[in-house]
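Enquirer: Let me give you the structure first, and then I'll get to my questions.
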Amino acid sequence: DVGLGFGIGIGTMTCVRLQTQTTPEEILSNPWHDRGFCDPDQYQAALHRCQNGYESCDLFIKAFEERASLERDYIAAIYNWSKIWQKEINESQEFGTNKKTWLAAIQAGAQAAYTHTDIVERIQNDVIDPMIAFKKQNYAKSIIHIRKIKEFEKEFENLQKPWLKLLSKINDAKESYHEKRRKLKKAEQAKKIIDSNIGATEEEKTEAQTSVNVYTKESANLRSKYEQLINEMKDLRPHYENSMKRVLDRTHEFERERLNKFKQLFNAFYNAINIQNDPYIIEMSTAFQNAIAAHDIEADIQWWNKHYGRTGGTFLGAANLPLGAQTLYGTVRLGPDTSDVEDRPALLNRYAGYHYSDTYINIFSHTHVFGAGIVDYGNVGIFPIQVDNNDNLQHMIAKRHGYRSTFKHESERIEPGAYVILPANQQQVTVYVGISFVSIEQARINLQMQTNLESFDSIREFIQQKWLNELSRFEVTAEWNLESEIKFNTALVHSMSSPTIWDESNGVYLGFDNKIYTKPEYMDHIYTDLSIWDIFRTQVPFLILHDAKRANDIVHSIMLIVEQGGYLPKWPLANGHTNCMIGSHADIILSDLIMKHEHDLHLNMTQVLEALRNVANKLQKHDSRFDPPTYIKYQYVPFDQDEYSASLTLSYAYDDWAIGNVMYAAGLIDEAQEYYNRSQWFENIFDNTKKFFCPRNSTGYILCPSSEIEYLIPFDYRYTEGDAWHYRFFVPHNTPRLVDLFGGTNFFVQELNTLFIRSRDWPTTTIPNPYYWAGNEHNLFSVWQFHYANRSDLTQLHSRWLLDHVYTIKPDGIPGNDDYGTMSAWYIFTRMGFYPLAGSFTYLIGSPAFDRITIRRNNGQCILTIIVHNNSAENIYVQRVLLNGELLSTFPFIDHINHLQCSTESSTVQLEFFMSSTPSSIPEMNSVDH
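For my numbering, count along the sequence shown from 1 and bump the result up by 6.
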C-alpha cells in the first residue's frame with residue numbers, strides 16, 4: 007500500500023509534511039511525526055516573547071553592570087598593585103637598565119587604570135543607560151500590548167479550530183478502521199479452522215465465508231473514508247499554513263525591534279572596550295617600548311660581574327649540557343665549544359663544550375657528552391674564518407693558528423634542531439658534514455640518507471617536527487605556576503636527548519669488539535653512552551613509563567655489549583668501556599624492565615641470567631664489581647682492599663636484590679633467595695651506635711669518622727663522591743629494615759628530616775652540600791624514604807621545596823651534572839607526583855606540582871592522565887588519590903603492574919590527587935606489606 011502521511015511542524019513554519027512509502031496503518035498509529043509551530047497550542051511560545059524580551063533586557067542590564075563593576079575593581083586593584091610594586095622595586099637590589107624597564111612596566115600598568123576609567127564611563131553611558139530607556143519605553147505594562155497579545159491568541163485559536171476538528175475525525179476513522187481490521191482477521195482465522203475441519207458442514211463453511219466478505223467490504227469502506235479525510239487535509243493545509251504564518255509574522259514585528267536594539271548596543275559595547283586608538287594606551291606603549299629599547303643587557307651584566315660574579319653553574323654545580331643542534335637521542339650534538347677571556351681549559355665547567363659565562367666560541371664540534379662530569383668526544387670541529395686571500399689561509403694552516411670569536415647571548419637563537427648566531431651583513435655558506443664511527447664511506451651514506459642535501463631550513467624544520475611530535479605526547483597545565491611548565495618541558499627535552507643512538511644508516515654499527523654489525527630487526531636502534539650509575543635511577547624508569555620500546559632497545563643494547571664484550575657494562579661510551587663509577591647497576595636496569603614487563607621483551611633469559619651470575623660472582627675485565635669472591639667471603643667490601651668500600655657494599659646489596667628479582671621472575675626461587683640474602687649484607691657495615699654506614703677492614707674493625715665534621719667531608723675516602731651523611735640512608739631496596747636499624751620510625755624520621763632541613767642553608771652548588779646533595783645521584787631517593795616510616799607528608803614537603811628552590815630557569819638552574827638526563831628525569835617524576843623504586847614495579851607518591859598532565863604512552867597506545875585538584879604553592883599535601891575513580895587502597899604507593907601497566911590493547915589510566923595545606927589523616931599502607 008502507498009498512502010499519504012502527514013506531520014505537524016518542523017522548523018518555524020513547516021506545518022505539514024508529505025510522506026511516501028507510508029501505509030495507512032503507520033499513519034494512523036503515529037499521526038504526529040514532528041512537533042512544530044502549527045501543532046495545537048504551540049503558538050503560545052510566540053505570545054510569550056513579549057515577557058521573555060522584558061526579562062532579556064533585565065539580563066542585559068545586569069550583565070553589563072557587572073562588567074562595569076569589574077572594571078572599577080580592576081582600576082582599584084591595578085592602582086594598588088602599581089603603588090606597592092613601585093615601592094618594592096625601588097627598595098630591591100635590582101639594578102641598571104633592567105630596573106628602569108621594570109619600573110616602566112609597572113608604570114604602564116598604572117596608566118592602564120586611566121584607560122579603564124574611560125571604559126567604565128562608555129559602558130554606562132553608551133550601553134547600560136540606552137537599554138534602560140528602551141526597556142522603559144517598550145516594555146511598560148501598557149493596555150495596548152496586553153490587548154494585542156489577546157488579539158493574536160484569538161486569531162490563532164480560530165485558525166486551528168477546523169484543523170483540530172479534522173484531526174479528531176481522522177482519529178475516529180483510525181479507531182474504526184483498526185476495529186474492523188481486527189474483526190476481519192478473526193473472521194479469516196475462523197474460516198481457516200472450519201475449512202480444515204473434515205466434519206464441517208457446508209452451511210458452516212458458507213457462513214464463515216460470508217462473514218469474511220462482509221468485514222472485507224466494511225474495511226474497504228472505512229479505508230475509503232480515511233483516504234477521503236487525508237485528501238481533505240491536503241486541501242486544507244495551504245490555507246491553514248499561510249493563515250498561521252500571517253499571524254506569526256505580525257508577532258515578529260516587535261521582536262525585530264528588540265533584536266535590532268540589542269545589536270546596536272553590542273556594537274556600542276565593542277566600541278566601549280576597544281582601546282586600540284586610546285591616547286593613554288598609545289602614550290603607555292611608547293614609553294614602555296622606549297624603556298625596552300634602552301635596556302642594555304651587556305651593561306647590566308658588566309655591572310653584575312663587578313659586584314657578584316658569573317652565572318652558569320661552576321665546578322660540581324654545572325649541568326654540563328651541550329648547547330646546539332640535536333635530534334631525539336641523536337649521535338650528533340653539534341654546537342659551540344666556548345672559553346672565557348683568558349681561554350682557560352674546560353675544568354669542570356665545560357665538559358659539554360659550552361658554558362653560559364663564556365664570551366668566546368673556539369669551535370663548533372659535532373659530538374659532545376651530555377651532562378656528564380667527564381671530558382670526551384668533541385670530534386669533527388668546524389669554524390668559519392674570513393681571510394683576504396688563499397695565501398694567507400695556507401699560512402694560517404701551516405702555523406696552526408687557533409681561531410675563536412666573541413659572541414653575545416642576545417645574538418644567539420637556540421632551538422631544538424638548530425643553533426644560530428649570524429653576524430649582520432656577512433656572507434652565508436652552507437656546509438654539509440656526514441660523520442660515522444664505522445668508515446668514511448658510511449659517513450657519506452649517512453649524509454645522503456639522513457639529509458638528502460636539502461636546505462638548512464628544511465632540515466631544521468624536519469628535526470623540529472620530530473621534537474614537536476615527541477613532546478606533544480605530553481600535555482601539561484599549571485596555571486598557578488607557569489614557570490614550572492617551562493622547567494618541565496625543558497626537562498623533557500633533556501631526557502629525550504640521551505642516551506645516544508649508535509646504529510647508523512642501514513642499521514650498521516661498530517661493536518664493542520671493533521667489528522661491524524647490523525642491528526637486529528626487532529630493535530629500532532642500538533644505544534650507547536649509557537651512564538648506568540646515573541640513568542638506572544630515573545632516566546630508564548621514565549623511558550619504561552612513556553616509551554617502553556626505546557627502554558627495551560636499551561636493555562637489548564646492554565645484552566649486545568655482553569655478546570661482544572663478554573660482560574655487563576658499567577658505563578659504556580661509544581663502543582668502549584670507561585669503567586666509570588661503582589656497582590653493577592645494569593643489574594637494576596634489567597630488573598626494572600623485566601619486573602614491569604612493559605613491552606614484548608625478546609630477551610634471551612638464559613643469556614641474561616648467565617650475565618648476572620657472572621657479574622655477581624666472578625672477576626671480570628674492567629672490574630664491573632670489586633673482586634666478587636672476596637666480597638662473598640667477607641659479606642662486605644674490606645676497607646683495606648678498596649678505599650670506597652662503604653659505598654661499594656651498599657651498591658652491591660642493591661644490585662644483588664635486583665638480581666634476585668630477575669631470578670624470581672624466571673622462576674628460580676631458591677637462587678633468587680640466595681641473592682635476596684646477599685642484599686641484606688648492608689647490615690654488616692652499619693654502626694649500631696653511631697647509626698651510620700662505615701667501612702670495615704678484613705679483620706672486622708669498623709672505621710667511622712672520628713668527629714662530627716668528618717661525617718660532612720665531601721669525597722671522603724670511605725665513600726664514592728660523597729660523605730657519611732650522603733650514604734647514611736642508601737638502602738633503597740629495603741628501607742623498612744633500615745628503619746629497624748635506626749631503632750624505629752621516630753629516630754629514623756628525625757634523622758632523615760635533619761638531612762633536608764640542614765641542607766637548605768647551604769649557599770652554593772659549586773661544592774657538595776654536606777647533607778642532602780641535590781646535585782648528585784646517590785641522594786636522589788632519600789626524599790622518598792619517609793614513606794617507609796609512614797610519613798609521606800614529609801616527602802611531599804621536602805620534594806616540593808626542592809622543585810621550587812633547587813631547580814630554576816636560570817643558566818645554573820640544574821643543581822649538578824644532568825648525567826644523560828638523570829636529574830631532569832628526577833624533576834619530571836617529582837613534578838608528576840610519583841617516583842620509581844628502580845628495579846621494582848613500585849612507585850612512591852609525592853606532591854604533584856601541576857594541575858593536569860596527559861601522557862600518550864608508547865606512541866599513544868595508552869593514555870595516562872593525572873589530575874590535581876585544589877593545587878597551589880601552599881596546598882602541597884595529598885589528601886587522597888583516586889585511580890580510575892576508585893580510592894587508591896595502596897596509598898602512598900603505586901604498583902606499576904596493577905595500576906599503570908600499558909597493556910597490548912589500548913588502555914587509559916586516570917590518577918586524581920586531592921590537595922590541601924595540611925597533611926592527610928588517611929592511614930598509610932604499611933611499607934612492609936607493600
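Just so it is clear, CB atoms sit at the ideal spot from N, CA and C, and this is done for glycine as well.
In chain order, what residues of the same chain have a beta carbon less than 8 Å from the beta carbon of Ile492, not counting five sequence neighbours either side?
Expert: Ile815
Enquirer: Let me make sure I understand the geometry here. Which of Leu574, Thr337, Trp87, Tyr725 has the alpha-carbon closest to that of Ala622?
Expert: Leu574
Enquirer: What separation, rounded to the nearest whole angstrom, lies between the Cα atoms of Trp310 and Thr506?
Expert: Confidence is the limiting factor: at Trp310 the pLDDT is only 33, short of 50, which leaves the residue's position unreliable and the question unanswerable from this model.
Enquirer: Give the straight-line distance between the Cα atoms of Asn452 and Val375, rounded to the nearest whole angstrom.
Expert: 21 Å
Enquirer: Relative to the C-alpha of Asp824, which candidate in Ala497, Val426, Arg702, Val874 has its C-alpha closest?
Expert: For Asp824, the nearest C-alpha among the options comes from Ala497.
Enquirer: I'd like to know whether the C-beta atoms of Tyr660 and Arg631 end up nearer to each other than 8 Å.
Expert: no
Enquirer: Is Thr848 helix, strand or coil when you go by DSSP?
Expert: strand
Enquirer: Considering Cα atoms alone, identify which of Gln907, Ser926, Glu238, Ser345 is closest to Asp553.
Expert: Gln907
Enquirer: Given a cut-off of 8 Å on the beta-carbon distance, is the pair Asp598 and Gly827 in contact?
Expert: no
Enquirer: Among Ile903, Pro898, Asn890, which one has its Cα closest to the Cα of Glu918?
Expert: Asn890
Enquirer: Spatial neighbours of Ile903 within its chain, please: CB distance less than 6 Å, with the 5 preceding and 5 following residues excluded, ordered by chain position.
Expert: Phe847
Enquirer: Which residue's Cα is closest to the Cα of Gln295: Ala780, Gly387, Glu421, Leu109?
Expert: Leu109
Enquirer: With distances taken from CA atoms, which of Ala855, Gln270, Ile719 is nearest Phe66?
Expert: Gln270
Enquirer: Taking only the alpha-carbon atoms, compute the straight-line gap between Asp530 and Met829 and give it to the nearest angstrom.
Expert: 26 Å
Enquirer: Distance, Cα to Cα, Gly341 vs Gly330?
Expert: 4 Å
Enquirer: Tell me, which residues are paired with Pro505 by DSSP?
Expert: In the DSSP output, where bridge partners are listed per residue, Pro505 has none listed.
Enquirer: Let me know the alpha helix (DSSP H) ranges lying completely inside the region 836-888, each 4 residues or longer, listed in chain order.
Expert: The qualifying runs are 863-866.
Enquirer: Going by beta carbon distance, what residues of the same chain come within less than 6 Å of Ala116, once the five residues before and after it are set aside?
Expert: Excluding sequence neighbours, Ala116 sits near Ser88.
Enquirer: Quick one: Cα of Leu235 to Cα of Ile176, how far?
Expert: Their Cα atoms are separated by approximately 7 Å.
Enquirer: Just how far apart, CA to CA, sit Val347 and Gly359?
Expert: Distance between the alpha carbons of Val347 and Gly359: 15 Å.
Enquirer: Quick check on this structure: which residue in Gly379, Leu551, Tyr60, Thr412 has the alpha carbon closest to the alpha carbon of Thr871?
Expert: Leu551
Enquirer: Mapping DSSP to helix, strand and coil, what is Val546?
Expert: Val546: helix per DSSP, three-state reduction.
Enquirer: Drop a sphere of 10 angstroms on the beta-carbon of Leu652, count the other beta-carbons inside from all chains shown, and report buried for 16 or more, exposed for fewer.
Expert: The displayed chain sequence assigns Ala, not Leu, to residue 652. It counts as buried.
Enquirer: From which residue to which residue does the alpha helix (DSSP H) around Ala652 run?
Expert: Under the DSSP assignment, Ala652 falls in the alpha helix (DSSP H) whose first and last residues are 651-671.
Enquirer: Can you tell me whether Lys186 is buried or exposed? The criterion is at least 16 other CB atoms within 10 Å of its CB, across all chains shown.
Expert: By the neighbour-count rule (16 or more Cβ atoms within 10 Å), Lys186 is buried.
Enquirer: Quick one, which of Phe688, Val668, Glu689 has its alpha-carbon nearest Gln5's?
Expert: Since the displayed the chain opens at 7 and closes at 936, residue 5 lies outside it and no answer follows.
Enquirer: Apart from the five residues on each side of it in sequence, which residues of its chain come closer than 8 Å, Cβ to Cβ, to Lys521?
Expert: Only Gln570 meet the Cβ criterion.
Enquirer: If we ignore side chains and look at the alpha-carbon of each, how far apart do Ile594 and Glu77 end up?
Expert: 60 Å
Enquirer: Less than 7 Å between C-beta atoms, sequence neighbours within five positions excluded: which residues of the same chain meet that for Glu677?
Expert: Met669
Enquirer: Taking the beta strand (DSSP E) that Gly341 belongs to, which residues open and close that run?
Expert: 341-345
Enquirer: Whole angstroms are fine: how far does the CA of Tyr723 sit from the CA of Thr436?
Expert: 52 Å
Enquirer: In this structure, how does DSSP classify Arg702 when only helix, strand and coil are distinguished?
Expert: Taken through DSSP and simplified to helix, strand or coil, Arg702 comes out as strand.
Enquirer: Considering only the alpha carbon of each residue, which of Gly852, Thr333, Thr483, Trp779 lies closest to Leu718?
Expert: Just measuring C-alpha positions, the residue of Gly852, Thr333, Thr483, Trp779 sitting nearest Leu718 is Trp779.
Enquirer: Look up Ser922 in the DSSP assignment and give the residues it is bridged to.
Expert: Tyr883
Enquirer: For Leu329, name the three-state secondary structure that DSSP assigns.
Expert: coil
Enquirer: By alpha-carbon positions, which one of Ile638, Gly822, Ser225, Leu536 ends up nearest to Thr771?
Expert: Gly822
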